[in-house]
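**Student:**
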Amino acid sequence: MKRHWVSTLIAMLFATLAVTGVMGFFFPFNLLTVSVHSLVGFVFIAAVGLHIRNHYHQLRQYFTRRSAVMLGVFVVGLITVILWQPPAVTAIIGLSNNLGPDPGRFKHDGQRMLYRYDPADHYRMLLEVMGGSAYDPDDPPFVAIWIENRSGDQIKSLHHSKRDGYETQLAYWHYKRREYLKYKAEHDAKSEAERQDDLDAVSSATTNASFDPADSIVPDDPGRDAPFRVMIEINQPGDGNEHHADQPALVYSVEVDNRDPRTFQVLEIVGYPKAEQGEDGETTWSLYYVDETITTAVDLLDSAVLKIARDKR
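The opening position of the sequence shown corresponds to residue 187 in the working numbering, with each subsequent residue numbered one higher.
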């Protein structure tokens, strides 16, 4: 292929990669952007191969110079710093709006916890939690964040501490999660049985539940808009006092109603979880009002603020 053709092709492909690269950094994850960037990248590699073939002798001379070694060390060092991710690099990466195909991201920075969740391109949620006077960054408490509907059914588990014992320390979240998975398994089994029986889709009483949290948070039909809650459970092991060998976890909550949109909302304490034994032998968990026996546990958090950005469609 003629040299000027190859050079022009490389310039055009580079411009495409530059544009899609910037879009991939500053905009939310988009499969089309990633596809264009990746596939054009393969064509770019082929074009660079042609460029190397056309200028092999010149490039060979370039790589025998001392500057080539210096530039090689620079590139390796740059990649090493990016992979190491010191605070400066982390700060730059934090400017990105691309969360990847998973729309959630959790960040823990000292006494501040940030969780970002984008159920839709036009609906972005940011939860900022600040530790209080009893919060120890060197020994942080167990934390779980989730979303549930007004009926109290968990529809999305956003984050939980993944240290040993989290099922016990975050018992209320774990109970909600277990009930959600149980219901989902029953729903899936029923749907599969209906398909096996080849039931008529019109006359059969099929369940029409959706397990995509975006359907509950940002429904396509405004008439189906229903309030949902953002929940936090936090527990610090070993924080006993004269009333409790270990103070219980505390649960914070805020209700979000898209029909009454607010940009900022504050999560408030709604209680502490306590196990109860049902008549059928099943253990359930309920929330009880916080009383004077709960002391330092209420100082684990200073504030928890939910910010929601809603773009007009």
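Just so it is clear, CB atoms sit at the ideal spot from N, CA and C, and this is done for glycine as well.
The model shown is predicted, which means the values in this text are computed figures rather than measured ones.
Just how far apart, CA to CA, sit V437 and G210?
**Tutor:** Spanning the two alpha carbons is a distance of roughly 36 angstroms.
**Student:** On a Cα-Cα basis, can you pick out the residue from E353, P272, A357 that is closest to W471?
**Tutor:** Of E353, P272, A357, the residue nearest in Cα terms is A357.
**Student:** What are the start and end residues of the alpha helix (DSSP H) that includes P305?
**Tutor:** Taken as a continuous stretch (DSSP letters only), P305 belongs to no alpha helix (DSSP H), being part of the beta strand (DSSP E) at 298-306.
**Student:** For R349, which option in A330, V192, Y361, E334 has the closest C-alpha, if you only look at C-alpha atoms?
**Tutor:** With distances taken between Cα atoms, R349 lies closest to A330.
**Student:** In its own chain, which residues sit with a C-beta less than 6 angstroms from the C-beta of F292, not counting the 5 before and 5 after it?
**Tutor:** So the qualifying residues of the chain are Y301, H345.
**Student:** Identify whether K342 lies in helix, strand or coil by the three-state DSSP scheme.
**Tutor:** Correct three-state label for K342: strand.
**Student:** Among A495, N216, L487, which one has its Cα closest to the Cα of S319?
**Tutor:** Ranking A495, N216, L487 by Cα distance to S319 puts L487 first.
**Student:** What number of angstroms, rounded off, separates the C-alpha of K460 from the C-alpha of E468?
**Tutor:** Cα-Cα distance, rounded: 14 angstroms.
**Student:** Using only the alpha-carbon positions, how far apart do H373 and D443 sit?
**Tutor:** Going from the Cα of H373 to the Cα of D443 covers about 27 angstroms.
**Student:** Spatial neighbours of F228 within its chain, please: C-beta separation below 8 angstroms, excluding the five flanking residues on both sides.
**Tutor:** Result list for F228: empty, nothing under 8 angstroms.
**Student:** What did DSSP end up calling D322 once you bin it into helix, strand or coil?
**Tutor:** Correct three-state label for D322: coil.
**Student:** Rounded to whole angstroms, what's the CA-CA distance from F414 to E441? Just pull it up for me.
**Tutor:** Rounded to whole angstroms, F414 to E441 spans 6 angstroms at the Cα level.
**Student:** Does DSSP classify Y475 as helix, strand or coil?
**Tutor:** Y475 falls in the coil class under three-state DSSP.
**Student:** Pull the bridge partners of T470 from the DSSP assignment, please.
**Tutor:** T470 pairs with E462.
**Student:** Does the distance from the C-beta atom of I403 to that of I455 stay below 8 angstroms?
**Tutor:** No, they are not a contact pair.
**Student:** Using DSSP with H/G/I as helix, E/B as strand and the rest coil, what is D488?
**Tutor:** It is a strand residue.
**Student:** Over what stretch of residues does the alpha helix (DSSP H) that includes G267 continue unbroken?
**Tutor:** The question names Gly, but residue 267 in the sequence shown is Val. Run containing V267: 252-270, per the alpha helix (DSSP H) assignment.
**Student:** Between I494 and M311, how many whole angstroms is the CB-CB distance? I'm expecting something under 8 angstroms.
**Tutor:** Indeed, because the Cβ distance is near 5 angstroms, the residues count as touching under 8 angstroms.
**Student:** Under 8 angstroms between the Cβ atoms of V275 and V262?
**Tutor:** Not in contact: V275 and V262 (Cβ atoms no closer than 8 angstroms).
**Student:** Is the beta carbon of V315 closer than 8 angstroms to that of A431?
**Tutor:** No, they are not a contact pair.
**Student:** Answer with buried or exposed for Y475, where buried requires no fewer than 16 other C-beta atoms within 10 angstroms of its C-beta.
**Tutor:** Exposed.
**Student:** Using DSSP bridges, identify the partner residues of Y330.
**Tutor:** Note on identity: in this sequence residue 330 is Ala, with Tyr being the wrong assignment. Looking at the DSSP assignment, A330 forms a beta bridge with H346, E419.
**Student:** Give the single residue among T206, R246, L313 whose Cα lies nearest to the Cα of Q451.
**Tutor:** If we check each option's Cα against that of Q451, L313 comes out closest.
**Student:** Please report the straight-line C-alpha distance between Q340 and Y366, rounded to a whole angstrom.
**Tutor:** One C-alpha to the other measures close to 6 angstroms.
**Student:** Note the first and the last residue of the continuous beta strand (DSSP E) segment covering E353.
**Tutor:** No beta strand (DSSP E) holds E353; the alpha helix (DSSP H) holding it covers 352-355.
**Student:** Which stretch, first to last residue, makes up the beta strand (DSSP E) that contains S224?
**Tutor:** Per DSSP, S224 belongs to no beta strand (DSSP E); it is in the alpha helix (DSSP H), 217-240.
**Student:** Grouping DSSP H, G and I as helix and E and B as strand, with all else coil, what is K498?
**Tutor:** Three-state DSSP puts K498 in coil, outside helix and strand.
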